[in-house]
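S.K.: With the first letter of the sequence shown counted as 1, position 72 gets the number 72 in UniProt numbering; the numbers rise by one all the way through.
Beta carbons are placed, not taken as given, at the ideal position from N, Cα and C, and that holds for glycine.
From a predicted model like this one, the values you see are computed outputs, not experimental measurements.
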Amino acid sequence: MNKEETITKLKSIIKPFVNNQEAFESLNENTDFIVDLNINSANLVDIILDVEDAFEIHIDNESMEKMLTVKATLDIIEAKLAEK
1 MNKEETITKL
11 KSIIKPFVNN
21 QEAFESLNEN
31 TDFIVDLNIN
41 SANLVDIILD
51 VEDAFEIHID
61 NESMEKMLTV
71 KATLDIIEAK
81 LAEK
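#1: Taking the alpha carbon of Ile39 as the reference point, which residue from Phe24, Ala79, Val51, Glu52 has its own alpha carbon closest?
#2: Apart from the five residues on each side of it in sequence, which residues of its chain come closer than 7 Å, Cβ to Cβ, to Lys66?
#3: In this structure, does DSSP put Asp36 in helix, strand or coil?
#4: Going by beta-carbon coordinates alone, are Asn20 and Leu37 separated by less than 8 Å?
#5: Would you call residue 128 buried or exposed, if buried means 16 or more other Cβ atoms sit within 10 Å of its Cβ?
Take a look at the structure:
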């Protein structure tokens, strides 16, 4: 899976939880889930669980704490996929 495919899949997971549609339209690697997209921390946990299911990976607590931006999330997904 290349980066574009990963971003597309990630966007489809994030979309239902976004409270700032304008920021979502201009989503990039520097986008912060909480600050830019106004996603609350409870929904961020839902997103992480959905990421685990969609990519068939396990995300440990240490990694979860780092998943605050699109870039950090992509890096963690790529690392976990490489471990498989």
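M.R.: In terms of the structure at hand:
#1: Phe24
#2: Ala72, Ile76
#3: coil
#4: yes
#5: The first residue shown for the chain is 1 and the last is 84, placing residue 128 beyond what the model contains.
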